[in-house]
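J.:
Chains as they are written, first to last, in the working numbering: chain F, 1 to 286; chain B, 1001 to 1562.
So, in structure tokens, the structure goes:
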């Protein structure tokens, strides 16, 4: 008998309990190439339920490509991404029902109102229309954008869009969240609320895969940090573990040591000299 | 002391004046950089880069299309009595198409609302911006005008006295005419933006564009074809009207160059040159970074968006009824998304609505020429212009616009949500969007046509004829969607794509084989006709099945590359 969308949703909600000890997220030799460029090279990772995992790396390290593969937006060249033990390539529907995504691009259908957009997302996750609308209204109220709920999003600030995107990711109460720079554009108060919300969700057993460049936040929020550079994992552990491993006092220093090829101080100096023109004795002061 | 103060003040003024002059000075390095970037963007296809495939740049594709349009126009108008008539008609068409192209591509070719956000905080003076945009505009209009007019210039060179020299002069006059047309559009558009509400004005532009398509089809596609078919040697006599028809001024100049015409020609040619100079100068004063800011502010103002959404809620009830035809959540999502976008996205409407102008132009033409004969009645006389078949063709052709437009959006990157959502049936999204198009646009349009046709033929004949055409349209919609197998609003809008679509209308002169065959069968016998209709319905069903299979295989492998 064919399973309806709503039945699948219900089954997905039971999945963590039934996953028989499977990890919430598991990557096995996950790799993706674009032509000759190897964006991600054989990433192996096991993230248990209820963990907030920070996924860090310099620009172009392959973070967003990993998220895209893990969320089924693109197919890996090789390797496997498992969500609650389910292969996202082989069984994408079942896997996607368990995840919520906040993409880095912040793209949404601006010509819709927030309510309409969230209703659309609700449809895609087979939520009852009324339930979806009610939930959407509550989210928008909590985020303080109820006044704008009937406005099309063309004129929205990045922060307001981000609030809608976060609401959309939470609409179907997913077991696992993939957040790519979720704090981008958010005001300080909302950022605090979101950070606390992530902790609260993690305490309820939800798993959060958190990509960010803001190391302070990662240090405060994440239980575990994975550092990626040039498509490969170069470090994996708790914040304190990474500090010990690199003999550095802060996560920022540890990150720098692991991902920077050159001496950052030397780069800063060279930059400064280039800006002022002193390096070549051709200052632009008049 | 007072004198010292005055002296100091005048010194300050000079200083400020000097600084202002410096701010306003054009920086040729910046101009060159901005101009080059503009051309690069014109010639590049973003999607092609992303997918790592080689693709013909959209502007090149548009220029090829325009060359073919220009060629077809030149050949179809070659049966004219002299250089004046020929040049008048080709110049009119070229000026008209240039004007339409500038309207359609206004934000990318003339002044973009994004420019202010990108350039305002950079040390780019208004004058630098001005010259860079002017250079881009000249480049763009030169390219399109050359593509449109070169074939006609060759015809002029070969057919009329004067050879290469006259062909060359024709090109110069054609470029001048097209620049004047573009300038006039900029002038009118910019002035109108100052006078009217931005959003309402842009909505109005959508309808103006539809009307323009109607006029273009009516004036430059149907009439010359009919005249050729009727073996009429086209000849337009000069009268008082020439003083009020700008294309005639330029045409008079060309006629003069082949040694024809009189003092009136000379005056008209001078009028062409002077008016072009005045209009171009006036239009160019409209181009500034400050103007980009104004457009940006107007476009970004969302104060009335709330009102707009509330006001339009009532109007959606009819369309909302159509959601009952959707079989699952994916179809409903596609239906509702497309419904909102068709209602609010002016760009989307601008790309689609002109399509309706084509069949309406043919209908008008049919009314005037008496060509809308009863498909079940006696056969039309041999050699009669096939208005009814052409009407059917254009009705079917409307679906081409929908088939590609519903997959494109400026906000295509938002389609990531379809890739991350647990959709077992991605096909359903496009199917839902197509159902909206059929229910909200195609069906009502055919109902309107039925009412209109009922004035020209018996009601039963009109109903039968439109039923067949409607089924053919659905079949064409399915086949055309196979060429655009993407999820709704998931593809970027490439500049000039709209223009290429407009070109396709004129290129695809494929006969309505099915429509003619079935009409003939119906006329010959009811039973045979019924069988033909049933066969047509079966074909339509098969094309829908084929579409869904194609979509299923294509969309299953689709990746989000944003």
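From the three backbone atoms N, C-alpha and C, an ideal C-beta is built for every residue, glycine too. On a predicted model such as this, the values are computed, not experimentally measured, just so you know.
(1) Does DSSP put residue 159 (chain F) in a helix, a strand or coil?
(2) Quick one: which residues of the segment 102-124 of chain F get their C-beta closer than 7 Å to a C-beta of chain B? List them in chain order.
(3) Closest to residue 1370 (chain B) by C-alpha separation, out of B:1453, B:1435 and B:1353, would be which residue?
(4) Taking any Cβ of chain F, which residues in the segment 1412-1424 of chain B have a Cβ under 9 Å from it, in chain order?
(5) Which complete alpha helix (DSSP H) runs does the segment 111-190 of chain F hold, if anything under 4 residues is left out?
(6) Which value, in whole angstroms, describes the spacing of the CA atoms of residue 1362 (chain B) and residue 1346 (chain B)?
(7) Below 8 Å on the Cβ atoms is my contact criterion, and I expect residue 158 (chain F) with residue 184 (chain F) to pass it. Report the Cβ-Cβ distance as a whole number of Å.
(8) Shorter than 9 Å from the beta carbon of residue 71 (chain F) to some beta carbon of chain B?
(9) Tell me which residue opens and which closes the beta strand (DSSP E) that residue 207 (chain F) is part of.
(10) Quickly, what does DSSP pair residue 78 (chain F) with across the bridge? List them, please.
(11) Just list the residues that DSSP pairs residue 87 (chain F) with in beta bridges.
(12) Taking the C-alpha atoms as reference points, what is the distance between residue 174 (chain F) and residue 44 (chain F)?
(13) Could you tell me the distance, in whole angstroms, from the CA atom of residue 57 (chain F) to the CA atom of residue 1064 (chain B)?
(14) Alpha carbon to alpha carbon, what distance is there between residue 1136 (chain B) and residue 1165 (chain B)?
(15) Could you pull out every residue in the same chain whose Cβ sits closer than 7 Å to the Cβ of residue 1456 (chain B), ignoring the five residues on either side in sequence?
(16) For residue 1560 (chain B), go through chain F and note every residue whose CB falls closer than 8 Å to its CB, in chain order.
(17) For a contact defined as C-beta to C-beta under 8 Å, what are the partners of residue 93 (chain F) on chain B?
(18) Relative to the C-alpha of residue 55 (chain F), which residue among F:164, F:24 and F:181 is closest?
(19) Cα separation between residue 259 (chain F) and residue 1397 (chain B)?
(20) Applying a beta-carbon distance threshold of less than 8 Å, which residues of chain F neighbour residue 1337 (chain B)?
(21) Strictly below 7 Å CB to CB, what residues from chain B border residue 126 (chain F)?
(22) Which of the three DSSP states, helix, strand or coil, is assigned to residue 1531 (chain B)?
(23) Given a limit of 9 Å on CB to CB distance, which residues of the segment 173-188 of chain F reach chain B?
(24) Between B:1259, B:1182, B:1076 and B:1028, which lies nearest to residue 1128 (chain B) when the distance is taken from Cα to Cα?
(25) Can you name the start and end residues of the beta strand (DSSP E) that residue 53 (chain F) belongs to?
(26) Between residue 1351 (chain B) and residue 1101 (chain B), what straight-line distance do the alpha-carbon atoms span, to the nearest angstrom?
(27) Cβ of residue 168 (chain F) less than 9 Å from any chain B Cβ?
(28) Per DSSP, residue 232 (chain F) forms a beta bridge with which residues?
(29) Return no unless some Cβ of chain F is closer than 9 Å to the Cβ of residue 1345 (chain B).
(30) Can you tell me the Cβ-Cβ gap for residue 1103 (chain B) and residue 1155 (chain B), rounded? I've got them flagged as a contact below 8 Å.
(31) Would you say the segment 1141-1149 of chain B touches the segment 1062-1076 of chain B, given that touching needs at least three Cβ pairs under 8 Å?
(32) Given a cut-off of 9 Å, decide if residue 1241 (chain B) and residue 1248 (chain B) are closer than it, judged by their beta-carbon atoms.
(33) Starting from the beta carbon of residue 96 (chain F), find every residue of chain B whose beta carbon is closer than 7 Å, and list them in chain order.
(34) Mind listing the chain F neighbours of residue 1340 (chain B)? Cutoff is C-beta to C-beta under 9 Å, in chain order.
(35) Taking contact to mean 3 or more Cβ pairs, one atom from each stretch, closer than 8 Å, check whether the segment 20-40 of chain F and the segment 69-84 of chain F are in contact.
T.: Taking the definition as stated:
(1) Position 159 of the first chain, counting from 1, holds the residue named residue 159 (chain F). Three-state result, residue 159 (chain F): helix.
(2) 103, 105, 107, 108, 109, 110, 111, 112, 113, 116, 120, 121, 123 and 124
(3) Within the second chain, residue 1370 (chain B) is the residue found at index 370, counting from 1. For residue 1370 (chain B), the nearest C-alpha among the options comes from B:1453.
(4) 1412, 1413, 1414, 1415, 1416, 1417, 1418, 1419, 1420, 1421, 1422, 1423 and 1424
(5) 114-124, 129-142 and 158-170
(6) Position 362 of the second chain, counted from the start, is the residue given in the question as residue 1362 (chain B). Position 346 of the second chain, counted from the start, is the residue given in the question as residue 1346 (chain B). Spanning the two alpha carbons is a distance of roughly 26 Å.
(7) In the first chain, residue 158 (chain F) corresponds to position 158, counting from 1. In the first chain, residue 184 (chain F) corresponds to position 184, counting from 1. Rounded, the Cβ-Cβ distance is 6 Å, consistent with contact.
(8) On the first chain, position 71 is the one that residue 71 (chain F) refers to. Taking Cβ atoms only, chain B reaches closer than 9 Å to residue 71 (chain F), which makes this a yes.
(9) Residue mapping note: residue 207 (chain F) aligns to position 207 of the first chain, counting from 1. Counting along the chain, the beta strand (DSSP E) containing residue 207 (chain F) begins and ends at 207-211.
(10) The residue you call residue 78 (chain F) lines up with position 78 of the first chain. F:31, per the DSSP bridge assignment.
(11) Against the first chain, residue 87 (chain F) aligns to sequence position 87. Bridge partners of residue 87 (chain F): F:82.
(12) Position 174 of the first chain, counted from the start, is the residue given in the question as residue 174 (chain F). Position 44 of the first chain, counted from the start, is the residue given in the question as residue 44 (chain F). The alpha-carbon atoms of residue 174 (chain F) and residue 44 (chain F) are separated by roughly 23 Å.
(13) Within the first chain, residue 57 (chain F) is the residue found at index 57, counting from 1. Within the second chain, residue 1064 (chain B) is the residue found at index 64, counting from 1. Cα to Cα, the separation comes out at about 46 Å.
(14) By 1-based counting over the second chain, the position of residue 1165 (chain B) is 165. By 1-based counting over the second chain, the position of residue 1136 (chain B) is 136. Their backbone Cα atoms lie some 28 Å apart in a straight line.
(15) Looking up residue 1456 (chain B) in the second chain gives position 456. Correct list, in chain order: 1366, 1367 and 1372.
(16) Within the second chain, residue 1560 (chain B) is the residue found at index 560, counting from 1. Within chain F, the residues near residue 1560 (chain B) are 68, 73 and 74.
(17) Sequence index remark: in the first chain, residue 93 (chain F) carries index 93 (1-based). Chain B residues near residue 93 (chain F): 1422, 1423 and 1424.
(18) Position 55 of the first chain, counted from the first residue, corresponds to residue 55 (chain F). If we check each option's Cα against that of residue 55 (chain F), F:181 comes out closest.
(19) Within the first chain, the letter at position 259 stands for residue 259 (chain F). Within the second chain, the letter at position 397 stands for residue 1397 (chain B). Answer to the nearest angstrom: the Cα atoms are 57 Å apart.
(20) Residue numbering aside, residue 1337 (chain B) sits at position 337 when the second chain is read from its first letter. Result: 109, 112 and 120.
(21) Residue numbering aside, residue 126 (chain F) sits at position 126 when the first chain is read from its first letter. 1329, listed in chain order.
(22) Taking the second chain and counting its residues from 1, one reaches residue 1531 (chain B) at position 531. Three-state result, residue 1531 (chain B): helix.
(23) 178
(24) Translated into the one-based positions of the second chain, residue 1128 (chain B) becomes position 128. Closest by alpha carbon: B:1028.
(25) On the first chain, position 53 is the one that residue 53 (chain F) refers to. Taken as a continuous stretch (DSSP letters only), the beta strand (DSSP E) holding residue 53 (chain F) covers 52-56.
(26) For the purposes of this step, residue 1351 (chain B) is taken as residue 351 along the second chain, with counting starting at 1. For the purposes of this step, residue 1101 (chain B) is taken as residue 101 along the second chain, with counting starting at 1. The alpha-carbon atoms of residue 1351 (chain B) and residue 1101 (chain B) are separated by roughly 12 Å.
(27) Within the first chain, the letter at position 168 stands for residue 168 (chain F). Closer than 9 Å to some Cβ of chain B, the Cβ of residue 168 (chain F) qualifies, so yes.
(28) In the first chain, residue 232 (chain F) corresponds to position 232, counting from 1. Per DSSP, F:229.
(29) As a position in the second chain, residue 1345 (chain B) is number 345, starting the count at 1. Closer than 9 Å: yes.
(30) As a first step, residue 1103 (chain B) is located in the second chain; it is residue number 103 there, counting from the start. As a first step, residue 1155 (chain B) is located in the second chain; it is residue number 155 there, counting from the start. The pair is not a contact, with the Cβ atoms about 28 Å apart (cut-off 8 Å).
(31) yes
(32) Position 248 of the second chain holds residue 1248 (chain B). Position 241 of the second chain holds residue 1241 (chain B). Yes.
(33) Taking the first residue of the first chain as position 1, residue 96 (chain F) is located at position 96. Under the 7 Å cutoff, chain B gives 1420, 1421 and 1422.
(34) Mapped onto the second chain, residue 1340 (chain B) falls at position 340. Near residue 1340 (chain B) (Cβ distances below 9 Å), the residues of chain F are 109, 111, 112, 113, 116, 120 and 152.
(35) yes
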